[in-house]
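To start, the structure itself, in structure tokens.
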Amino acid sequence: MSNSITTPGIQPGRLVPDDYATHFDDLYPSYDPHEAMVAADRCYFCHDAPCITACPTEIDIPLFIRQIQAGQPEAAARTIFDQNIFGGSCARVCPTETLCEGACVREMAEGKPVEIGRLQRYATDSLMARQGHPYARAASTGKRVAVVGAGPAGLACAHRLAMHGHDVTVLEAQDKPGGLNEYGIAAYKMAGDFAAREVAWLMGIGGISLHTGQALGRDVTLDQLRADYDAVFLGVGLGDVNALGIPGEDLEGVRSAVDFIAELRQSDDLSGLPVGRDVVVIGGGMTAVDAAVQSKLLGAQHVSMVYRRGRAAMSASDHEIEHAATEGVTIMTDASPVAIHGEGGAVREIEFAYMQAGTPTGETFRLRADQVFKAIGQRLGALPDGLALAGRKLAAAQMAGVWAGGDCTAGGEDLTVTAVAQGRDAAESIHAHLMGNGG
Amino acid sequence: MADLTSNFIGIKSPNPYWLASAPPTDKEYNVVRAFKAGWGGVVWKTLGAEGPPVVNVNGPRYGAVWGADRRLLGLNNIELITDRPLEVNLREIKQVKRDWPDRAMVVSLMVPCDEQSWKDILARVEETEADGVELNFGCPHGMSERGMGSAVGQVPEYIEMVTRWVKQHSRMPCIVKLTPNIADIRKPAEAAKRGGADAVSLINTINSITSVNLDTFSPEPMIDGKGAHGGYCGPAVKPIALNMVAEIARDPATAGLPISGIGGVTTWRDAAEFLALGAGNVQVCTAAMTYGFGIIKELTAGLSLYLDEKGMTLDALSGRAVPNVTDWQYLNLNHVTKARINQDLCISCGRCFAACEDTSHQAISMSPDRVFEVIDAECVACNLCVNVCPVADCITMETLPKGAVDPRTGQEVGEYANWTTHPNNPMAKAAE
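Residue numbers (our numbering), protein chains in the order written: chain A, 21 to 459; chain B, 10 to 441.
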């Protein structure tokens with residue numbers, strides 16, 4: 021007999037085959053033209069619009085929505101891509117309720133913002149459905165730039181540099197480009213292999229050569245890149261995850277949420293991907309939500325997401341938390357893990373201390389668990405030679421000819437859209453520097 | 010519930026809402042549906058002379074202008090008068106009037122501009138026992154090219170002549186329907202009155218092209234690559250119609266001439282506005298064509314509720330606003346107002362700021378945290394901020410009391426004074 025949601029242990033195939041396709045399909049499908057027009061008509065075209073200010077890439081949102089109203093979604097897409105070449109994935113993964121939609125005046129007026137994210141997706145999907153790449157390169161400058169990391173920061177930087185006429189070499193440690201868009205975000209947000217399609221589309225500008233399986237410090241050194249290229253951009257992301265530092269962390273069934281999500285994203289057959297019956301996710305951010313929801317969608321019977329502080333301190337947005345709750349994830353706050361208990365080398369229970377205002381109350385409780393996902397933050401891995409840390413991130417501007425951006429640097433909230441802004445802005449700075457205009 | 014019973018030039022109906030002469034009143038089936046829904050009366054779609062009926066185009070007859078959420082704001086049409094045989098229409102009119110005796114049944118007419126044609130058709134209509142006739146001197150497309158419709162309505166002498174024939178050859182009340190495609194609406198109204206018309210109805214539709222197809226480069230609605238101007242109607246034309254109704258209502262030459270108000274009536278409020286500006290009843294078409302006959306329930310209930318709230322009768326409402334329609338030169342130049350932004354209602358969209366800063370008087374300030382405030386020393390009270398604000402009543406106009414100092418001019422707000430006595434007016438009369 022095949023497995024079901026009640027089969028104990030970490031098991032594949034808990035669902036009937038068709039369920040996998042529906043569970044991991046587009047969470048919010050693209051608007052059709054009618055839906056887009058209805059949604060676009062709600063935009064007031066605010067003066068100095070708050071949504072623009074709230075967007076890390078400062079997309080001219082009222083303008084692109086007006087272009088949708090005026091029947092030119094592809095012109096709208098140009099407005100978006102001019103600021104954010106990852107406008108397609110940002111439309112899917114941005115926590116819009118804390119960014120543009122949170123700032124929308126209709127949120128204040130009616131509690132219902134203009135659906136900017138979905139309109140952005142409508143526009144960008146319209147343009148990307150066409151053949152060809154919309155941007156042309158400037159005349160070649162003869163300058164060469166190395167970009168380390170093919171995530172949103174690195175590729176946004178590479179695209180902007182290529183557009184300015186520079187030749188760009190992108191080095192990526194993983195087998196595929198895309199960074200967290202490819203490996204680190206819930207599948208239902210990036211349905212239809214969108215991350216890979218988006219990178220292929222972006223590369224259509226030309227002038228970017230991509231080399232995968234090339235890790236900084238392992239396959240190439242920073243000194244070498246500085247010697248071989250006119251400039252270097254580091255967009256290496258955060259390669260390591262934080263450890264819990266509690267007994268039992270090495271038991272079978274305990275793993276990082278990041279690894280689980282990456283395995284899920286790279287799986288060709290989700291029915292072959294094992295998941296626990298009783299899953300506990302530790303953490304309060306987007307990664308925790310993505311791991312918890314996808315565990316549930318794979319057929320885990322009980323999924324709990326446990327965070328050590330209060331609801332307000334969780335970095336996952338209200339919308340994400342509501343989504344998790346709707347999918348059946350139990351959300352617990354003010355509980356800090358103190359020990360993982362096993363049997364026969366595998367996890368069986370996890371013990372938490374009740375917390376009050378950040379300190380343990382002295383009381384503990386246990387949750388049954390045959391699988392535990394750690395999602396308590398990521399950090400930089402091995403530092404390239406000669407670079408220093410500031411906190412858990414790369415310190416700023418420490419070496420001539422080297423720029424950095426994305427999650428590995430401070431200033432953002434580990435959001436795709438922030439990484440894109442930093443990559444783009446670094447490209448403009450590199451361009452100005454290379455062309456002798458300061459920078 | 011206020012009594013909505015209407016008596017317009019002796020034609021009685023249970024409410025003052027008639028369906029205008031148009032596609033909704035082209036045949037018994039539609040009209041019976043309208044009466045079942047509660048409409049007070051109809052003006053049957055225009056009949057032509059005996060003989061082969063006119064033909065219509067077989068492509069699109071309508072073009073449109075939309076607002077947000079594709080709300081229909083303006084409609085235009087290139088449909089002609091009824092294309093059904095005269096006998097069929099007359100038989101149905103007679104039947105419907107017999108079955109619905111309490112409803113107004115007016116028959117719209119358009120025949121060639123000779124006395125015999127009018128005499129003939131009037132005799133046929135009288136046999137139906139309809140309540141009255143409406144002379145279609147307004148239709149701006151197709152029929153006008155054949156010397157009828159607005160081709161007559163644009164020549165006051167023709168209006169007077171035809172109206173005289175109609176009154177001479179018929180006992181029926183006669184309403185003359187006016188075209189707005191004319192420089193001064195008072196002239197045809199005066200002509201109708203001279204010819205003996207019992208009332209005028211207005212406006213008929215306005216010459217228009219609703220849009221241009223940018224692929225085929227033809228006007229819409231497009232027939233085989235070509236387009237012809239059509240008649241524009243719907244909410245977009247209401248302001249034009251209100252003004253024309255008011256012009257006739259306040260013109261001493263036509264004062265007291267009953268008016269049937271037409272043009273963009275969509276809700277009870279629109280109807281009340283037409284009535285207040287001097288109309289005795291209203292005719293509706295586009296709203297019914299957009300939403301169906303069911304809107305009559307809102308139209309009647311709304312007007313009734315309004316009259317109850319005002320403690321007013323329908324007759325008292327009619328013409329109530331006419332004395333307040335005046336000429337610009339008599340407006341009080343010492344009436345000073347200032348815009349006021351209600352910060353509790355403001356949603357910080359900044360449209361008032363953009364409008365004032367870019368296109369008006371730089372009289373609204375914007376703080377870094379998006380608080381918008383009126384600068385009284387600059388505000389000329391143009392009302393643009395009120396008009397562009399998406400939140401109703403968020404920005405209002407506050408009247409400065411007499412004796413207050415207007416911070417813009419440094420002048421005290423004085424007594425009523427208008428342009429006719431203003432020192433800047435070279436034609437000024439001495440102040441009294």
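Think of the CB as a built atom: it goes at the ideal place given N, C-alpha and C, for glycine as much as any other residue.
Every value quoted in this text rests on a predicted model; they were computed, and no experiment measured them.
Original post:
Does DSSP put Ala314/A in a helix, a strand or coil?
Top reply: Stepping through the first sequence from its first residue, residue 314/A is reached at position 294. The residue asked about is misnamed: residue 314/A is Gln in this sequence, not Ala. It is helical.
Original post:
When DSSP labels each residue in this structure, what does Arg126/A get in the three-state scheme?
Top reply: Residue mapping note: residue 126/A aligns to position 106 of the first sequence, counting from 1. If DSSP states are grouped into helix, strand and coil, Arg126/A belongs with the helices.
**OP:** Anything in chain B within Cβ reach of Tyr64/A, meaning under 8 Å, just list it in chain order.
**Re:** Looking up residue 64/A in the first sequence gives position 44. Residues of chain B passing the Cβ test: Cys358, Arg360, Pro399.
Original post:
Can you find a CB in chain B that lies within less than 8 Å of the CB of Val125/A?
Top reply: Here residue 125/A refers to the residue found at position 105 when the first sequence is read from its first residue. Yes, because at least one Cβ of chain B sits closer than 8 Å to the Cβ of Val125/A.
**OP:** Tell whether a beta-carbon distance below 8 Å holds between Pro230/B and Pro69/B.
**Re:** Along the second sequence, one-based indexing puts residue 230/B at 221. Along the second sequence, one-based indexing puts residue 69/B at 60. Their beta carbons are under 8 Å apart, which means Pro230/B touches Pro69/B by this criterion.
Original post:
Would you call the CB atoms of Gln391/A and Val295/A closer than 8 Å?
Top reply: The residue you call residue 391/A lines up with position 371 of the first sequence. The residue you call residue 295/A lines up with position 275 of the first sequence. Result yes, Cβ atoms of Gln391/A and Val295/A sit closer than 8 Å.
Original post:
Where Pro154/A and Asp102/A are concerned, what is the direct C-alpha to C-alpha distance, given to the nearest angstrom?
Top reply: Walking along the first sequence from the start, residue 154/A turns up at place 134. Walking along the first sequence from the start, residue 102/A turns up at place 82. Computed Cα separation, rounded: 10 Å.
Original post:
Using a C-beta cutoff of 8 Å, does Asp61/A count as contacting chain B?
Top reply: Here residue 61/A corresponds to residue number 41 of the first sequence, with the count starting at 1. Asp61/A counts as touching chain B.
Subject >> C-beta neighbour in chain A for Met10/B, strict 8 Å >> reply: If you number the second sequence from 1, residue 10/B lands on position 1. It does not: the Cβ of Met10/B has no partner Cβ on chain A nearer than 8 Å.
Original post:
Rounded to whole angstroms, how far is the Cβ of Glu135/A from the Cβ of Ala59/A, which I believe are closer than 8 Å?
Top reply: Counting from 1 along the first sequence, the entry for residue 135/A is found at position 115. Counting from 1 along the first sequence, the entry for residue 59/A is found at position 39. With a Cβ gap of about 5 Å, Glu135/A and Ala59/A count as contacting.
**OP:** Enumerate, from N- to C-terminal direction, the unbroken beta strand (DSSP E) stretches of 3 or more residues contained entirely within the stretch 175-250 of chain A.
**Re:** 187-192, 228-232
Subject >> Residue from Arg62/A, Asn104/A, Met128/A, Gly33/A whose Cα sits closest to the Cα of Asp353/B >> reply: Along the second sequence, read from residue 1 onward, the residue named residue 353/B stands at position 344. Looking at the Cα atoms, Met128/A is the closest of the given residues.
Subject >> Members of the stretch 67-98 of chain A near chain B, C-beta cut-off 9 Å >> reply: His67, Asp68, Ala69, Pro70, Gln89
**OP:** Classify Val511/B as buried or exposed, calling it buried when 16 or more other Cβ atoms lie within 10 Å of its own Cβ.
**Re:** With chain B covering only 10 through 441, there is no way to say anything about residue 511/B.
Subject >> Proximity test, Cβ basis, 8 Å: Trp129/B and chain A >> reply: Counted from its first residue, the second sequence places residue 129/B at position 120. Position check: residue 129/B holds Asp in this sequence, whereas Trp was assumed. No, Asp129/B lies away from the interface with chain A (no Cβ there is under 8 Å from its Cβ).
Original post:
What does Asp402/B reach in chain A if we use C-beta pairs closer than 7 Å?
Top reply: Looking up residue 402/B in the second sequence gives position 393. Here the premise fails: no neighbours, minimum Cβ distance about 13 Å.
**OP:** Would you please verify whether the beta carbon of Met128/A is less than 8 Å from any beta carbon of chain B?
**Re:** Your numbering for residue 128/A matches position 108 in the first sequence. Yes, contact with chain B.
Original post:
In three-state terms, what does DSSP make of His453/A?
Top reply: On the first sequence, residue 453/A is found 433 positions in, with the first residue counted as 1. Residue state, collapsed to three classes: helix.
Original post:
Since Trp109/B is in the alpha helix (DSSP H), which residue starts that stretch and which ends it?
Top reply: By one-based count along the second sequence, residue 109/B stands at place 100. No alpha helix (DSSP H) holds Trp109/B; DSSP gives it neither H nor E.
**OP:** Please list the residues of the stretch 60-83 of chain B that have a C-beta atom closer than 8 Å to any C-beta atom in chain C, keeping them in chain order.
**Re:** Absence of chain C from the displayed structure is noted, the protein chains being A and B.
Original post:
Is the stretch 407-419 of chain A close to the stretch 361-371 of chain A, with three or more CB pairs under 8 Å?
Top reply: no
Original post:
Leaving out five residues before and five after Met454/B in sequence, what residues of the same chain have Cβ atoms less than 7 Å from its Cβ?
Top reply: Outside the shown range of chain B, which is 10 to 441, sits residue 454/B, and nothing can be said about it.
Subject >> Beta-carbon proximity of Gly91/A to Met148/A, cut-off 8 Å >> reply: Taking the first sequence and counting its residues from 1, the one referred to as residue 91/A is at position 71. Taking the first sequence and counting its residues from 1, the one referred to as residue 148/A is at position 128. No, the pair does not count as a contact, with Cβ atoms beyond the cut-off.
Original post:
If you run the structure through DSSP and keep just helix, strand and coil, what is Leu95/B?
Top reply: Counted from its first residue, the second sequence places residue 95/B at position 86. Helix.
**OP:** Flag Val134/A as yes if its beta-carbon sits less than 8 Å from any beta-carbon of chain B, otherwise no.
**Re:** Counted from its first residue, the first sequence places residue 134/A at position 114. Val134/A does not count as touching chain B.
Original post:
If you drop the 5 nearest sequence neighbours on each side, which residues of the same chain put their C-beta closer than 7 Å to that of Ser22/B?
Top reply: Position 13 of the second sequence, counted from the first residue, corresponds to residue 22/B. Closer than 7 Å at the Cβ level, and outside the excluded window around Ser22/B, lie Ser15, Gly49, Gly50, Arg112, Ala113.
Subject >> C-alpha distance - Ala206/A paired with Cys75/A, whole-angstrom precision >> reply: Counting from one through the first sequence, the residue named residue 206/A turns up at place 186. Counting from one through the first sequence, the residue named residue 75/A turns up at place 55. Rounded to whole angstroms, Ala206/A to Cys75/A spans 22 Å at the Cα level.
Original post:
Can you find a CB in chain A that lies within less than 8 Å of the CB of Ala363/B?
Top reply: Here the question's residue 363/B lines up with position 354 in the second sequence. Yes, because at least one Cβ of chain A sits closer than 8 Å to the Cβ of Ala363/B.
Original post:
Can you tell me where the alpha helix (DSSP H) with Pro228/B in it begins and where it stops?
Top reply: Position 219 of the second sequence, counted from the first residue, corresponds to residue 228/B. No alpha helix (DSSP H) contains Pro228/B, which is instead part of the beta strand (DSSP E) from 227-229.
Subject >> Residues sharing a beta bridge with Leu118/B, DSSP >> reply: Locating residue 118/B in the second sequence gives position 109, counting from the first residue. DSSP, once it has assigned bridges, lists Leu56/B, Leu144/B as partnering Leu118/B.
**OP:** State the CB to CB distance for the pair Thr353/A and Gly330/A, rounded to an integer number of angstroms; the pair is presumed to be in contact (CB under 8 Å).
**Re:** Within the first sequence, numbered from 1, the residue matching residue 353/A stands at position 333. Within the first sequence, numbered from 1, the residue matching residue 330/A stands at position 310. Thr353/A to Gly330/A, Cβ: 5 Å. Contact.
**OP:** Please specify which runs of the beta strand (DSSP E), each continuous and at least 3 residues long, are wholly inside the stretch 302-373 of chain B, giving them in chain order.
**Re:** 346-350
Subject >> Test: Arg259/B CB closer than 8 Å to a CB of chain A >> reply: In the second sequence, the residue the question calls residue 259/B occupies position 250. No - not a single Cβ of chain A is within 8 Å of the one on Arg259/B.
Original post:
Any contact of the stretch 220-235 of chain A with the stretch 156-175 of chain A, i.e. 3+ C-beta pairs under 8 Å?
Top reply: yes
Original post:
Between Val115/A and the rest of its own chain, which residues show a CB-CB distance below 8 Å, the 5 nearest in sequence each way excluded?
Top reply: As a position in the first sequence, residue 115/A is number 95, starting the count at 1. Looking at the sequence provided, one finds Pro at residue 115/A rather than Val. If we look at Pro115/A and ignore the five residues flanking it on each side, its Cβ neighbours are Met306, Ser337, His339, Glu340, Leu435.
Original post:
Which stretch, first to last residue, makes up the alpha helix (DSSP H) that contains Phe101/A?
Top reply: By 1-based counting over the first sequence, the position of residue 101/A is 81. It spans 93-103 - the alpha helix (DSSP H) in which Phe101/A sits, taken as one unbroken run.
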